[in-house]
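Residue numbers (this note's numbering): 5 to 346.
A virtual CB, placed ideally from N, CA and C, is assigned to each residue, including glycine.
Heads up, the thing below is written out as structure tokens.
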């Protein structure tokens, strides 16, 4: 898409949320918030809409933010302190991440599938002062000789505590550390700044808005009218949250769009097909092997996949025969392939 594209020009016009400017030698969004916490705060406007579904747990945006503030107060950290998240995908993982940023900390996303020694090495490598974890990883961390402060997810405080946030972080300050095995040797922590994450999230939002502009133009209606007609979207979260795909594409981007995020603690194709039908999932992204698995199970169970509108994949090449089968099973859905570097 070139700079002369009228939709791109409209979306990135001067004064718009997606106006692009060169900052520190890089093309960035000129009107972006200074830090990720400020961007997250904008999701408060979704209020009583359902945000998190985790088994029998259902939390609205308002309830999630109230729990975030209570945990941020409990952390009692200084700006820039590193706090690790080491637990399976669950509602408390999302709350924990939001609380760390609200408290001015740097969220360290630990691969929760590691051995005791690996978990301890990752936490110690980055100098994390606190670990937010679940009961199983709590035991593993102690086996690995971690002696720092641990807060179990089951001990997160109830909503109600007030919290005064610290001075805001700057765009170039570190926001999150993810671990990558993209180099030789042991996994290494990759530091992402607030601007890194904001730019990635806003790029996804801008791309979605451009699709809506093109759709509205084809229907000969204002884009604002089309947006007003779209019901709340629902995302099935199957990627691990310690991975950039889980963090960005399945958590932060949907949250800012006001979408419902339905968490699968462990992959099961039959459960995935059932949840898609029950929760009216509109957006689902998984690696090709998981798509094969889910499609096979859905056919056996004659599952209803009609709610799906966007199906994404990545992590490996998408076989053309799988693409054809997905299109046949979900003709109403748009297929897409993504690439995200840690």
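When you compare the CB positions of residue i and residue j, do they come within less than 7 Å of one another, or not?
| i | j | result |
| --- | --- | --- |
| residue 102 | residue 202 | no |
| residue 124 | residue 148 | yes |
| residue 74 | residue 165 | yes |
| residue 83 | residue 108 | yes |
| residue 309 | residue 267 | no |
| residue 180 | residue 238 | no |
| residue 292 | residue 256 | no |
| residue 48 | residue 69 | yes |
| residue 298 | residue 276 | yes |
| residue 173 | residue 132 | no |
| residue 163 | residue 78 | no |
| residue 244 | residue 250 | yes |
| residue 157 | residue 138 | yes |
| residue 225 | residue 15 | no |
| residue 191 | residue 56 | no |
From which residue to which residue does the beta strand (DSSP E) around residue i run?
| i | result |
| --- | --- |
| residue 154 | 153 to 156 |
| residue 64 | 61 to 64 |
| residue 3 | No statement about residue 3 is possible, as the shown extent of the chain runs from 5 to 346 and does not include it. |
| residue 238 | 238 to 241 |
| residue 44 | First-last for residue 44: 40 to 45, but that is the alpha helix (DSSP H), not the beta strand (DSSP E). |
| residue 88 | 86 to 90 |
Would you report the Cα separation of residue i and residue j, rounded to the nearest angstrom?
| i | j | result |
| --- | --- | --- |
| residue 6 | residue 114 | With a pLDDT of 48 at residue 6, under the threshold of 50, the predicted position of this residue should be treated as unreliable, though the coordinate-derived value follows. Those two C-alpha atoms are separated by around 39 Å. |
| residue 273 | residue 342 | 21 Å |
| residue 36 | residue 176 | 13 Å |
| residue 10 | residue 97 | 41 Å |
| residue 90 | residue 62 | 22 Å |
| residue 263 | residue 311 | 14 Å |
| residue 307 | residue 93 | 25 Å |
| residue 332 | residue 338 | 12 Å |
| residue 182 | residue 27 | 24 Å |
| residue 34 | residue 95 | 33 Å |
| residue 135 | residue 17 | 43 Å |
| residue 117 | residue 42 | 31 Å |
| residue 64 | residue 54 | 4 Å |
| residue 220 | residue 119 | 51 Å |
| residue 348 | residue 207 | The shown model of the chain, from 5 to 346, leaves out residue 348, and the question about it has no answer. |
Which partner residues of residue i appear in the DSSP bridge assignment?
| i | result |
| --- | --- |
| residue 284 | Paired residue(s): none; residue 284 is not in a bridge. |
| residue 182 | 113, 194 |
| residue 33 | 24 |
| residue 316 | 289, 340 |
| residue 58 | 61 |
| residue 264 | 238 |
| residue 135 | 88, 154 |
Locate the alpha helix (DSSP H) running through residue i, then write down its first and last residues.
| i | result |
| --- | --- |
| residue 99 | 95 to 106 |
| residue 120 | 120 to 129 |
| residue 230 | 227 to 233 |
| residue 327 | 324 to 333 |
| residue 139 | 139 to 147 |
| residue 260 | 257 to 260 |
| residue 165 | Here residue 165 belongs to no alpha helix (DSSP H), and DSSP marks it neither H nor E. |
| residue 251 | Run containing residue 251: none; DSSP gives neither H nor E here. |
| residue 12 | 10 to 15 |
Does the beta carbon of residue i come closer than 7 Å to any beta carbon on chain C?
| i | result |
| --- | --- |
| residue 264 | The question asks about chain C, but that chain is absent: this structure has only one protein chain. |
For residue i, is the beta carbon positioned less than 6 Å from some heavy atom of the ligand FAD?
| i | result |
| --- | --- |
| residue 270 | With respect to small molecules bound, the structure shown includes none, and the ligand FAD cannot be examined in it. |
So residue i packs on residue j, CB below 8 Å; how close in whole Å?
| i | j | result |
| --- | --- | --- |
| residue 193 | residue 129 | 6 Å |
| residue 106 | residue 76 | 4 Å |
| residue 231 | residue 216 | 6 Å |
| residue 295 | residue 330 | 6 Å |
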